[in-house]
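**Student:**
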Amino acid sequence: MAGPGGLASDPVVVVGAGLTGGLIALALARLGLTVIQVAPPSQESDASAFGASVTGATATALSYGSLSPGTTGRAWRNLERLHGTLGWTACGLKLHDRGWLGRRLTLPASRVDGPTLMAALPRALAAAGVRQRPALVQGLEAGAAGGWRLRLLDLPPTNQRQRPQGEPQGEPERWKPPLAASILEARQVVLAAGAGCLDLWPPLARQLGISWAGVLALETNPGNNPWLGQVARGRLVLTQQEQRLGLEDQAGWLAEERWIVDASAAPWGPKGVLLGQISLVRPLDGTRQAPDPARMEERLRQGLQGWDPQLAALVGPYRQIPVAFGRQGRALVGPVPGAPGLWSFTGFRSPFSTAPTQAAQLAQSLTASLTNQVQPNRRRTKQTDQNK
Ligand SMILES: Cc1cc2nc3c(=O)[nH]c(=O)nc-3n(C[C@H](O)[C@H](O)[C@H](O)COP(=O)(O)OP(=O)(O)OC[C@H]3O[C@@H](n4cnc5c(N)ncnc54)[C@H](O)[C@@H]3O)c2cc1C
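For what it's worth, this note's numbering labels the leading residue of the sequence shown as 392, then goes sequentially.
#1: Go through its chain and collect everything with a Cβ distance to Gln755's Cβ below 8 Å, but skip five positions before and after it.
#2: Exposed or buried, which one is Asp504 when buried takes at least 16 other CB atoms within 10 Å?
#3: Taking 8 Å as the cut-off, is the beta-carbon of Gln668 closer than that to any non-hydrogen atom of ligand 1?
#4: Nearest by alpha-carbon distance to Pro547: which of Leu541, Ala519, Ala430 and His474 is it?
#5: Given 8 Å as the limit, is there contact between the stretch 589 to 597 and the stretch 451 to 458, that is, 3 or more CB pairs closer than that?
#6: Do Val622 and ligand 1 come close, with the Cβ less than 8 Å from some heavy atom?
#7: Please confirm whether Arg502 and Phe739 have their CB atoms less than 9 Å apart.
#8: Cβ atoms of Gly483 and Arg624: under 9 Å apart, would you say?
#9: Which residue from Gln632, Pro593, Ala685 and Ile601 puts its Cα closest to that of Ala586?
#10: Please determine, among Gln752, Asp488, Arg468 and Ala571, the residue with the shortest C-alpha to C-alpha distance to Ala481.
#11: From Arg690 to Ile669, what does the alpha carbon distance come to, in whole angstroms?
#12: Is Pro742 a contact residue of ligand 1, with contact defined as CB to any heavy atom under 8 Å?
#13: Could you compute how far the alpha carbon of Leu575 sits from the alpha carbon of Val622?
#14: Quick check: is any heavy atom of ligand 1 less than 8 Å from the C-beta of Thr480?
#15: Taking the straight line between their C-alpha atoms, what separation do you get for Leu761 and Ile712?
#16: On the criterion of 16 or more Cβ atoms from any shown chain inside 10 Å, does Ala518 qualify as buried, or is it exposed?
#17: Following the continuous beta strand (DSSP E) through Arg740, name the residue where it begins and the one where it ends.
#18: Is the distance from the Cβ of Ala500 to the Cβ of Leu619 below 9 Å?
#19: For a cutoff of 9 Å on Cβ pairs, would you count Leu761 as touching chain C?
#20: On a CA-only basis, which of Asp488, Trp491, Gly464 and Gly667 is nearest Gly478? Give me that one, please.
#21: According to DSSP, is Asp683 helix, strand or coil?
#22: Taking one C-beta from the stretch 685 to 705 and one from the stretch 657 to 674 each time, how about it: are there three or more such pairs within less than 8 Å?
#23: What did DSSP end up calling Arg710 once you bin it into helix, strand or coil?
#24: By a C-beta neighbour count over all protein chains shown, 10 Å radius and 16 as the cutoff for buried, is Gly397 buried or exposed?
#25: Have a look at Pro700 and Gly663 and give me their C-alpha separation to the nearest angstrom.
#26: With DSSP as the reference, please indicate the residues paired to Gly725 in a beta bridge.
#27: Do Gly732 and Gly520 have their C-beta atoms within less than 9 Å of each other?
#28: Name the two residues that bound the continuous beta strand (DSSP E) containing Leu546.
#29: Less than 6 Å between C-beta atoms, sequence neighbours within five positions excluded: which residues of the same chain meet that for Glu610?
#30: Kindly give me the distance between the Cβ atoms of Val529 and Leu543, rounded to whole angstroms, as I take these residues to be in contact under 8 Å.
#31: Could you check whether the Cβ of Arg502 sits closer than 8 Å to any heavy atom belonging to ligand 1?
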């Protein structure tokens with residue numbers, strides 16, 4: 392395929408298929424680059440068929456997806472004009488910690504529904520020409536002749552995930568589709584794998600941290616509560632000040648783990664509700680182990696108790712996921728220092744507000760860098776021709 396400068400372009404590999412991976416892959420494809428997106432299948436029901444070591448769980452699917460106050464949603468409306476519905480919607484916002492006024496006043500807001508976005512992205516990417524490769528990147532190494540080598544664990548396509556006829560039966564739940572190892576080589580690689588970026592390129596830990604976010608995730612809103620009634624009308628129910636951001640700011644100075652609960656609620660998928668959220672940050676000592684979910688759920692419910700005891704007691708599954716954040720509130724958008732051809736697109740503070748625009752800008756920078764690599768070669772060729 393023709394790339395920038397009219398040269399046949401190597402594909403750009405994007406690692407990750409959540410919000411950031413989806414947006415940067417679409418932006419690169421829009422500029423005419425050949426894009427391969429590598430990530431495990433995003434639907435957990437699908438990924439779970441491969442066993443616990445390969446999951447496609449994303450922070451995006453569990454997110455409230457709210458846009459910061461004052462963000463118009465124009466970038467999302469533009470994306471939807473190009474790619475079809477992605478789950479953006481204007482909605483009301485209730486600030487429940489503002490007492491009587493909070494109950495009376497509905498502020499204008501907007502959000503992107505995580506499950507809707509995750510369901511829509513594969514189709515939008517395919518239509519934009521992005522090749523989606525279902526695989527886990529197990530390692531990333533600089534190639535001997537420049538560029539990058541990605542060690543992949545490939546997952547078979549959906550239609551090959553059934554136990555083949557005639558194979559010995561045994562316990563059906565023990566059967567796992569076969570996985571295959573392979574190598575993918577590329578000159579340009581974009582890390583948009585959320586918390587997974589740190590495993591892929593550990594030096595990013597100087598600028599990137601991880602918090603664990605947990606919520607009660609109910610597929611059906613049980614109603615019978617004024618706040619749940621607001622959520623059923625598509626509204627966000629938040630507090631005036633999100634505490635998570637303050638906690639992330641302190642990450643560099645923490646001597647021990649700390650958590651806070653932002654007591655809030657949001658619509659989730661067509662009928663569900665997310666209640667939360669607890670955020671846990673550890674000292675930046677490289678610990679990646681997931682916190683004990685039972686402890687986290689208990690803390691979350693204690694935090695909700697102060698807001699509304701009925702919500703704190705709701706029966707529903709607790710789910711948690713790591714979220715990458717840039718230290719000092721700065722997202723990592725651009726070339727990775729000391730690693731030519733490696734780019735990062737992660738660590739956003741309010742990614743639903745800022746990542747659409749930043750994706751377009753990073754795609755421009757990456758394309759410009761390719762064009763600059765091409766131009767000197769062309770000039771050199773021209774000079775050589777003249778010398779003949
Ligand atoms: C409860 C909750 C509420 C939130 N509320 C908001 C909000 O209101 N507004 C807002 O802007 N943000 C919010 N956030 C934050 C936001 O959702 C996340 O920051 C954002 O979705 C992260 O997107 P991502 O693409 O970076 O990561 P993810 O969505 O986690 O995607 C990471 C991708 O990388 C893949 N991956 C990881 N490792 C590998 C590997 N080795 N090989 C291949 N693929 C890999 C994963 O499979 C996945 O596809 C919230 C988050 C949570 C959990």
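From the three backbone atoms N, C-alpha and C, an ideal C-beta is built for every residue, glycine too.
Predicted, not measured: the structure shown is a model, and the values here were computed from it.
**Tutor:** Reading off the structure:
#1: Leu422
#2: buried
#3: yes
#4: Ala430
#5: no
#6: no
#7: no
#8: yes
#9: Ile601
#10: Arg468
#11: 8 Å
#12: yes
#13: 44 Å
#14: no
#15: 35 Å
#16: exposed
#17: Careful: Arg740 lies outside any beta strand (DSSP E) and carries neither H nor E.
#18: no
#19: No chain C appears in the structure shown, which is made up of a single protein chain.
#20: Gly464
#21: coil
#22: yes
#23: strand
#24: Since pLDDT at Gly397 reaches only 44, below the 50 mark, its modelled position is unreliable, and no value is offered.
#25: 20 Å
#26: Ser735
#27: no
#28: Segment: none, Leu546 is in no beta strand (DSSP E) and carries neither H nor E.
#29: Gly663
#30: Checking the displayed sequence, the identity of residue 529 turns out to be Gln instead of Val. So it is a contact: roughly 7 Å between Cβ atoms.
#31: yes
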